[in-house]
Amino acid sequence: MNPIGATFVAMLVIAALAAFLYKVAIFRVVGKFPLLSRVLTFGLAIFLWNFSEFAFSSTFRSVNYPTGSIGFLGSYLSVNKIICFVVALIIAGVLFASLKWTRIGKALRAASQNPRVALISGINIHRIRLLSYAMGGALAGIAGGLIAIQWAICPSIGQDLILKCFAMVALGGLGSLPGALLGGVFLGIAESVGTMYWGATIAGVIAPLTVIAVFIFRPQGLWGVVERVD
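In my numbering, each number is its position in the sequence shown, counted from 1, plus 10.
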């Protein structure tokens, strides 16, 4: 199967899996016991990692992907990285527009910001949360497809990337999609500069140091806002 077809299948399968897990387990604790919901989802992630290694082995696999490079301002950019950048930019734009201007997007934001008020307003909280988990699963499937055309992959590859994703979100500000994008750009530049001057070992600690520094000096993130609790 070509990478495009595999990515589409992964998007559908993981979206369905995320919705299934929400229906059978997560909905019982989400919104009621915040800490327990985090522990539950983390436990499910560990189970899925280990089950995937049991089913498919931990061997690294690669897919056929576009090769070659394109010259730009004296530098050369690989075709697969350009594809990943363009696809990610399009998805981010569509997601931002959907959350900001569509009826479902507004319902998702309302349910996230204040579930009780959203429920009083007539929003079906459980249905919206189910949709958000399915959307998150679909995005994870697309992300996996994009990762597969850059590196060899195995079931545990997400363990190496999850800290970087967390660092991007923490840096940009929780709940801020533009902030997460800018946080990703900032972190990518920082890691590239670190690799250039100090080697890959130093670049590997930039993400955890970023998370620690943000939580100490600006817990809301660089582009987040401080919420008032009455």
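Glycine included, every Cβ here is placed at the ideal spot set by N, Cα and C.
In this text, all values refer to a predicted model and were calculated from it rather than measured experimentally.
- Comparing alpha carbon positions, the residue from L45, G147, S88 closest to V19 is G147.
- Distances from the alpha-carbon of S166 to those of P13, A65, L31, N134 put A65 closest.
- Residue state for I130 is assigned as helix, using DSSP reduced to three classes.
- Under DSSP, S85 shares a beta bridge with F82.
- Taken atom to atom, the span from the alpha-carbon of I199 to that of N60 is near 33 Å.
- Here I163 is bridged, per DSSP, to R71.
- Counting along the chain, the unbroken alpha helix (DSSP H) around L219 starts and ends at 216-227.
- Minimum Cα-Cα distance from V195 among the listed residues G185, F30, L99 corresponds to L99.
- Beyond the five residues adjoining it in sequence on each side, I138 comes within less than 7 Å, by CB distance, of A117, L118, A121 in the same chain, given in chain order.
- By the 16-neighbour rule on beta-carbons within 10 angstroms, A153 is buried.
- Put simply, the region 165-182 touches the region 216-227. At least three CB pairs are less than 8 Å apart.
- Excluding the 5 residues flanking it on each side, K91 has same chain C-beta neighbours closer than 8 Å at Q160, in chain order.
- In the same chain as V97, and ignoring 5 residues on each side of it, the C-beta atoms closer than 7 Å to its own belong to L156, in chain order.
- By the neighbour-count criterion, in which a residue is buried when 16 or more other Cβ atoms sit within 10 angstroms of its Cβ, Y86 is exposed.
- Between A102 and L219, the C-beta gap is not smaller than 8 Å, which leaves the two residues out of contact.
- In this structure T17 is buried. Its beta-carbon is surrounded by 16 or more other beta-carbon atoms within 10 angstroms.
- Annotation: the continuous alpha helix (DSSP H) that includes T211 extends over 210-213.
- When the five nearest sequence neighbours on each side are left out, the beta carbons in the same chain lying within less than 6 Å of the beta carbon of C94 are those of L156, in order along the chain.
- Judged by their CB atoms, V39 and L50 are nearer to each other than the 8 Å cut-off.
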